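Participant: Numbering-wise, this note's numbering comes out as the position in the sequence shown, counting from 1, plus 16.
Here it is, the structure, as C-alpha cells.
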Amino acid sequence: MSNIVLQPDVQFEGDPDLEQAIYGARYRVHASQSKNLASIPEDVWKSSVALVCYHEIEVNDAVLDRMPSCRVVVRAGVGFDNIDLAAAGRRGVAVCNTPDYGTMDVADHAIAMTLAFLRGIVHYNDAIYADPVKGWRFQDPTQIRRLSTQVFGVIGLGRIGTAAALRAKALGMRVIFYDPFRPTGTELAVGLERVHSLEALLGQADIVSLHTPLTPQTRHLISTPQFEAMKQDALLINTARGGVVDLAALATALESGRLAGAGLDVLEQEPLSPDHPLLKLWMAPGSAFRHKLILSPHAAFYSPSSLVDIREKSARTAFGYLETGTSRDCVNAEFLDADAAERLKSKAA
Numbered sequence: 017m018s019n020i021v022l023q024p025d026v027q028f029e030g031d032p033d034l035e036q037a038i039y040g041a042r043y044r045v046h047a048s049q050s051k052n053l054a055s056i057p058e059d060v061w062k063s064s065v066a067l068v069c070y071h072e073i074e075v076n077d078a079v080l081d082r083m084p085s086c087r088v089v090v091r092a093g094v095g096f097d098n099i100d101l102a103a104a105g106r107r108g109v110a111v112c113n114t115p116d117y118g119t120m121d122v123a124d125h126a127i128a129m130t131l132a133f134l135r136g137i138v139h140y141n142d143a144i145y146a147d148p149v150k151g152w153r154f155q156d157p158t159q160i161r162r163l164s165t166q167v168f169g170v171i172g173l174g175r176i177g178t179a180a181a182l183r184a185k186a187l188g189m190r191v192i193f194y195d196p197f198r199p200t201g202t203e204l205a206v207g208l209e210r211v212h213s214l215e216a217l218l219g220q221a222d223i224v225s226l227h228t229p230l231t232p233q234t235r236h237l238i239s240t241p242q243f244e245a246m247k248q249d250a251l252l253i254n255t256a257r258g259g260v261v262d263l264a265a266l267a268t269a270l271e272s273g274r275l276a277g278a279g280l281d282v283l284e285q286e287p288l289s290p291d292h293p294l295l296k297l298w299m300a301p302g303s304a305f306r307h308k309l310i311l312s313p314h315a316a317f318y319s320p321s322s323l324v325d326i327r328e329k330s331a332r333t334a335f336g337y338l339e340t341g342t343s344r345d346c347v348n349a350e351f352l353d354a355d356a357a358e359r360l361k362s363k364a365a
C-alpha cells in the first residue's frame, strides 16, 4: 500500500470516483465520511502522500505526525483556519487551498439572505403557514426596505466579497467596502466606493456583509463595540467564518434592538448547542426575536454543481503538487522548510 491520497472528512455520499479519475493509476484515494480519525488504519496514515480535507477536522501536529510521507495538505475550500500552517511548514508539507471554488454560490447566498430580510420573505412565509387568513398581512415585517435606498457594506473585498458587492450594485444598492489589503485603485477597477476604516463602514452601511478569512486579527472582528458603531436598524450577514462574529455580543445586540437582524451561514461552533443564548432567544415559543435571525447550516457553498467543482478542483490541486512540487495556491510558503520539502520529494521519487 503506497501513494495514498487520504480524504478523512468528505462531504459527499458514495465512492470518490471523480477524484480517482483525476489521480489515475498514480495515486489511490482513501475516503471517509466518519470524521473519526481513529477509524483510519495506521497503514493508510503512513502511506498517505497527500491529505485533502474539508472543514470538519483539525490538521495539527498530532495529525501530521501520523503522516511521515505526506507532501501536501489541500483544503477542499477557501478558508484554511483548521490547518496549522506552521506545523505543516516545519515538516516540508505544503498547504494549498482552492480559492476559485464557491465564489458565485457564496456571493449568491449572501445576497439571498439580504433579500430575505429586505423583502420579508421568511416572515411572510411563517405567518401564512401559522394562519393562512390572519397571517395574510403585508405590513408586519419590520425590515422591509426599498433596495435603492440601502447602503451595502462589504468587509473584505476578495473574490467572494467582490462578487457579492457587484450583485448588490446590480440590484441598485449603493455599495461601499473596507479592505486594507486591497491595492489603491481597486475601487476604480470595480466601480465601488472605498472607505478607509471599519468604523466608517459600520457607520454608513445598512447591510454589513462579511467576507474575511478567520485569522487572529479577524476573530471577533464584529463584537460589542462594532455593534454599537453600526446603524440602529442595520442588518448583519455572515457567509465567511463563524469566528469573525462574537455570537454572545450578537445575541445582546439583537435582543436589545440595537440590530435589526442577522443572517448567518457560519457559526463559532457548528452546529451550535441549543443551550446557546442566541438559539434560546430565537427558539423560544412566540419569541419576537424569531424573525431577527436567519440561519443556514454552513451551506452557502452548496449546489450540486459546486460540490462537483470542489471535489475536482481539490483533487487537481493535490495531483498537481504531487507531480510538480509547486502550486500557485500554496498558503504556507512563509513557513515551508524547503530542505524538508526537497527530502520528501526525493523520497517520493
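Don't be surprised by glycine CBs; every beta carbon is placed ideally from N, CA and C.
None of these values were measured; they are calculated from a predicted model.
1. How long is the line joining the alpha carbons of T202 and T234, rounded to whole angstroms?
2. Do you know whose CA, among S289, L131 and V89, lies nearest I310's CA?
3. Taking one C-beta from the region 270 to 290 and one from the region 137 to 154 each time, how about it: are there three or more such pairs within less than 8 Å?
4. Taking its Cβ as the centre, do 16 or more other Cβ atoms sit within 10 Å of R344, making it buried, or is it exposed?
5. Which same chain residues, not among the five before or five after A102, have their C-beta less than 8 Å away from its C-beta?
6. Does DSSP put Y337 in a helix, in a strand, or in coil?
7. Would you mind listing the beta strand (DSSP E) stretches within the region 181 to 210 that are 3+ residues and don't spill past its ends, in chain order?
8. Give me, in chain order, the residues of the same chain whose beta-carbon lies closer than 7 Å to that of D249; leave out the 5 immediate sequence neighbours on both sides.
9. Which runs of the beta strand (DSSP E) spanning at least 3 residues fall entirely within the region 18 to 73, listed in chain order?
10. Beta-carbon within less than 8 Å of A315's beta-carbon, same chain only, minus the 5 sequence neighbours each way: which residues are those?
11. Would you grab the beta carbon distance between A54 and C86 for me? Rounded to a whole angstrom, and I think it's under 8 Å.
12. Straight-line CA distance for E328 to S321?
13. Between the alpha carbons of G151 and G302, how many angstroms are there, rounded?
14. Hey, out of P84, A78 and S48, whose CA is closest to Y70's CA?
15. Take R153 as the anchor and find which of S164, G136 and V167 has the nearest alpha-carbon.
16. Once you ignore the five residues that flank H212 on each side, which residues in its own chain have a CB closer than 6 Å to its CB?
17. Give me whichever residues DSSP pairs with S225 in a beta bridge.
18. Measure the C-alpha to C-alpha separation of G95 and R257 and round it to an integer number of angstroms.
19. For the alpha helix (DSSP H) holding I127, just list the boundary residues, first then last.
20. Since V191 contacts V224 with CB under 8 Å, what's their CB separation in whole angstroms?
21. Can you list, in chain order, the stretches of the alpha helix (DSSP H) that have 4 or more residues and sit fully within the region 84 to 120?
22. Which one or two residues does DSSP pair with L309 in a beta bridge?
23. Give the DSSP-derived three-state secondary structure of I160 in the structure shown.
24. Using only the alpha-carbon positions, how far apart do L294 and A264 sit?
25. Tell me the DSSP secondary structure of V149 in three-state form.
26. In or out: N254 buried (at least 16 other Cβ within 10 Å) or exposed?
27. Can you check DSSP and say which residues form a bridge with V347?
28. Could you spell out where the alpha helix (DSSP H) holding D77 opens and where it closes?
29. Measure the Cβ-Cβ separation of K51 and P84 and say whether it is below 9 Å.
30. If we count the other Cβ atoms within 10 Å of its Cβ and call it buried at 16 or more, is T333 buried or exposed?
Facilitator: In short, the structure shows the following:
1. Here residue 202 refers to the residue found at position 186 of the sequence shown. Here residue 234 refers to the residue found at position 218 of the sequence shown. Cα to Cα, T202 sits roughly 22 Å from T234.
2. Your numbering for residue 310 matches position 294 in the sequence shown. Considering only S289, L131 and V89, the residue with the shortest C-alpha distance to I310 is L131.
3. No, because fewer than three Cβ pairs between the region 270 to 290 and the region 137 to 154 fall closer than 8 Å, the two stretches do not touch.
4. Reading the sequence shown from its first residue, position 328 is the one you call residue 344. Around the CB of R344, fewer than 16 other CB atoms lie within 10 Å, so the residue is classed as exposed.
5. For this step, residue 102 is matched to residue 86 along the sequence shown. These residues qualify, in order along the chain: N348 and F351.
6. Within the sequence shown, the letter at position 321 stands for residue 337. Correct three-state label for Y337: helix.
7. Runs found: 190 to 194.
8. What you label residue 249 is simply residue 233 of the sequence shown in a count that begins at 1. These residues qualify, in order along the chain: A276.
9. The region 18 to 73 contains these whole beta strand (DSSP E) runs: 20 to 23, 44 to 47 and 64 to 69.
10. Taking the first residue of the sequence shown as position 1, residue 315 is located at position 299. Once the five neighbours on either side are set aside, the close Cβ partners of A315 are H125 and D281.
11. Within the sequence shown, the letter at position 38 stands for residue 54. Within the sequence shown, the letter at position 70 stands for residue 86. C86 and A54 do not touch by the CB rule: their CB atoms are close to 18 Å apart, not below 8 Å.
12. Translated into positions along the sequence shown, residue 328 becomes position 312. Translated into positions along the sequence shown, residue 321 becomes position 305. Their Cα atoms are separated by approximately 11 Å.
13. As a first step, residue 151 must be located in the sequence shown, where it is residue number 135. As a first step, residue 302 must be located in the sequence shown, where it is residue number 286. So the alpha carbons of these two residues sit roughly 14 Å apart.
14. Reading the sequence shown from its first residue, position 54 is the one you call residue 70. Relative to the Cα of Y70, the nearest Cα in the group P84, A78 and S48 belongs to S48.
15. Within the sequence shown, residue 153 is the residue found at index 137, counting from 1. With distances taken between CA atoms, R153 lies nearest to G136 out of S164, G136 and V167.
16. Position 196 of the sequence shown, counted from the first residue, corresponds to residue 212. Here the set comprises nothing.
17. Position 209 of the sequence shown, counting from 1, holds the residue named residue 225. In the DSSP output, where bridge partners are listed per residue, S225 has V170 and I253.
18. Numbered from 1 along the sequence shown, position 79 holds the residue referred to as residue 95. Numbered from 1 along the sequence shown, position 241 holds the residue referred to as residue 257. So the alpha carbons of these two residues sit roughly 8 Å apart.
19. Within the sequence shown, numbered from 1, the residue matching residue 127 stands at position 111. Here the alpha helix (DSSP H) through I127 covers T119 to L134.
20. As a position in the sequence shown, residue 191 is number 175, starting the count at 1. As a position in the sequence shown, residue 224 is number 208, starting the count at 1. Going by Cβ atoms, the distance from V191 to V224 rounds to 12 Å, so no, they are not a contact pair.
21. The region 84 to 120 contains these whole alpha helix (DSSP H) runs: 101 to 106.
22. Within the sequence shown, residue 309 is the residue found at index 293, counting from 1. For L309, DSSP records a beta bridge to A278.
23. Numbered from 1 along the sequence shown, position 144 holds the residue referred to as residue 160. DSSP places I160 in coil when its eight states are reduced to three.
24. Here the question's residue 294 lines up with position 278 in the sequence shown. Here the question's residue 264 lines up with position 248 in the sequence shown. If you take the alpha carbons of L294 and A264, they lie about 7 Å apart.
25. To locate residue 149, count along the sequence shown from 1; it is residue 133. Of the three classes helix, strand and coil, the one that applies to V149 here is coil, per DSSP.
26. The count along the sequence shown starts at 1 and reaches residue 254 at position 238. Answer is buried; the Cβ neighbour count reaches 16.
27. The count along the sequence shown starts at 1 and reaches residue 347 at position 331. The partner list for V347 (beta bridge, DSSP) is empty, contrary to what the question assumes.
28. By one-based count along the sequence shown, residue 77 stands at place 61. Run containing D77: D77 to D81, per the alpha helix (DSSP H) assignment.
29. Within the sequence shown, residue 51 is the residue found at index 35, counting from 1. Within the sequence shown, residue 84 is the residue found at index 68, counting from 1. 9 Å or more divides the Cβ of K51 from the Cβ of P84.
30. Counting from 1 along the sequence shown, the entry for residue 333 is found at position 317. Answer is buried; the Cβ neighbour count reaches 16.
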